[in-house]
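Numbering (the UniProt record's numbering), first residue to last: 1 to 219. Each residue gets a CB set at the ideal place from its N, CA and C atoms; glycine is no exception. For reference, the structure discussed in these notes is given below.
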Amino acid sequence: MNSTQTSNETIDDFSNVSFASSSISSIDITPLGKSVVWKKFQTVMFVKQNIQNPDSPDEELLTDFVACINCKELYGKNTGTASLNRHKCAHELKSQKTIEVYTELMRKKKKIPTHLKNETIEKCVKFCCLDIRPMSAVNGEGFKSFSQFLLDTNTNENDKARIYKNIEVKLLQIESEKNSEPSNLLPEERHVPQKSSGSTPFSEWEDVENDFELFENIS
């Protein structure tokens, strides 16, 4: 194609429509609207070839159409932003932007320091050893839920005292219900610790506060 020159003339014909070539990319075209959706569309130029004089530059005329930068689909300049937003490429670009923003946020998300991870592992091991619990205890949903509660809650001394009292009342209630159940064991056998899968019966808890030593260390 020969070099081109621009004209102030406008046309409204769909035939022989093409995007503005790189040779006229410096043309200052007035923005079509303030909506961000217009950033996805470009003004269409009409290339008018000079058949009579092939050596003369082609002429490019502004049209009353815009086209999607991605798929080149044509729209009139008077098309509303609501219609343009329904264009398939607008949806795809919006979704891609959302994914990029989410990915960037995940990349910037603060990572837990290695020393804190190691300390957490040590605390979990100590918890299992002191309370004679299986290591699988720290994988239970109950333990995870309680740990999350401790992270989300700023507990003061008054709260701890109230929680201790409620825990003690609840344990006494459970112990009472347990003792009220009929048992085929002889009286002297009822106090003999029974083997279990790593858990400790409530009757063996001599001191409630000692069993919740981990919770008491929260500041």
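Residues of its chain near residue i, where Cβ-Cβ distance is below 7 angstroms and the 5 sequence neighbours each way are ignored
| i | result |
| --- | --- |
| residue 69 | 40, 41, 42 |
| residue 89 | 40, 68, 70, 71 |
Neighbourhood of residue i by C-beta distance below 8 angstroms, restricted to the same chain and skipping five residues each side
| i | result |
| --- | --- |
| residue 118 | none |
| residue 146 | none |
| residue 180 | none |
Proximity below 8 angstroms, CB of residue i to CB of residue j
| i | j | result |
| --- | --- | --- |
| residue 138 | residue 129 | no |
| residue 65 | residue 76 | yes |
| residue 74 | residue 82 | no |
Burial state of residue i (16 or more Cβ within 10 Å)
| i | result |
| --- | --- |
| residue 63 | buried |
| residue 115 | exposed |
| residue 169 | exposed |
Close Cβ partners of residue i (< 6 angstroms) along its chain, the five nearest in sequence each way excluded
| i | result |
| --- | --- |
| residue 126 | none |
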